Amino acid sequence: MTAPSPGPAGRIERVDELQARIRGMQATRLDSRAVPTHPALAAVLPGGALREGAVVQVQGSITLLMAALAGPSASGRWVAVAGIPEFGVEAAARFGIELERLVLVPEPGRQWLTVAAALADVIPVVAVRPEGRLAPAEASRFAARLRQRGTLLLVDGEWPGSDARLELEHSDWSGLERGHGHLVEREVVVRVTGRGEVGRGGLRRLRLPGPDLRFAPVGDAASDAVVHHHDFGARAAG
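The numbering used here numbers the first residue of the sequence shown as 2 and each following residue consecutively.
Quick look at the structure:
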């Protein structure tokens with residue numbers, strides 16, 4: 002479901018229309034405060050899930066953002082993406098996001114916070130890219146609204162007082178041989194940091210995506226931490 006990009010008044014009317022439609026279509030609210038995530042990311046998150054009402058910065062990759070949205074979408078939740086025009090529906094579908102429960106507002110403009118708030122009132126998982134800096138007081142009021150609604154907010158950018166940060170620390174492409182061929186897979190190291198339960202995570206090495214255009218863990222979480230420490234220690238020594 003893709004929203005067009007009219008003027009400010011038209012955007013708000015469009016969001017109101019989407020709210021009404023989703024209220025009529027969305028299944029009954031899930032009771033658990035845990036928000037299922039993609040299995041490839043579960044090992045790096047406490048309890049294997051994100052949490053309702055949390056604000057999580059997802060930085061370094063739109064693909065990583067799609068991975069964070071794929072689990073909630075597969076669990077039956079609606080997800081919305083605002084202010085990220087390069088978020089492609091074809092890639093989202095390949096990575097497991099259900100397009101029937103996806104709302105896109107590619108260009109909310111200066112009304113991005115109003116649009117995000119309207120979406121968060123009715124959609125349980127919202128991803129947004131802030132346009133400009135957000136004042137701490139505004140961020141605090143928005144976070145309180147999210148906790149009240151039980152909405153998970155994923156932020157592609159900076160957000161004062163966020164609960165956690167999910168980011169790429171290292172990335173390697175493979176597939177080229179002797180300077181020829183195609184890049185076929187990407188191996189990354191993902192780190193979760195933050196405060197509270199959602200932030201007590203760690204490191205995870207993933208294929209993002211693998212040869213089948215899916216996300217997959219590489220090895221186990223313990224070996225990820227050891228290898229990562231060794232790699233960066235060796236660089237420091239060198």
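Yeah, the Cβ is synthetic: ideal placement off N, Cα and C, and Gly gets one too.
These figures come from a predicted structure and were not determined experimentally.
**Request:** Can you tell me which of Ser62, Val191, Val106 and Leu100 puts its alpha carbon nearest to the alpha carbon of Gly158?
**Result:** Ser62
**Prompt:** Since Val57 contacts Ala165 with CB under 8 Å, what's their CB separation in whole angstroms?
**Reply:** 5 Å
**Asked** Using CA coordinates, which residue listed in Glu87, Ala35 and Arg196 is at the minimum distance from Glu108?
**Response** Glu87
**Message:** Helix, strand or coil for Leu154? Go by DSSP, reduced to three states.
**Reply:** strand
**Asked** Taking the DSSP output, what are the residues bridged to Pro37?
**Response** Ala50
**Request:** Return the first residue and the last residue of the alpha helix (DSSP H) that Leu114 is part of.
**Result:** Trp113 to Val123
**Item:** Three-state secondary structure (DSSP) of Val104
**Value:** strand
**Asked** Over what stretch of residues does the beta strand (DSSP E) that includes Val82 continue unbroken?
**Response** Val80 to Ala83
**Asked** Nearest CA to the CA of Arg130: which residue from Val116, Glu99, Gly49 and Ala83?
**Response** Ala83
**Request:** Apply the 10 Å Cβ neighbour rule to Glu244 and answer buried if 16 or more other Cβ atoms are within range, or exposed otherwise.
**Result:** In this structure the chain extends from 2 to 239, so residue 244 is not present and cannot be described.
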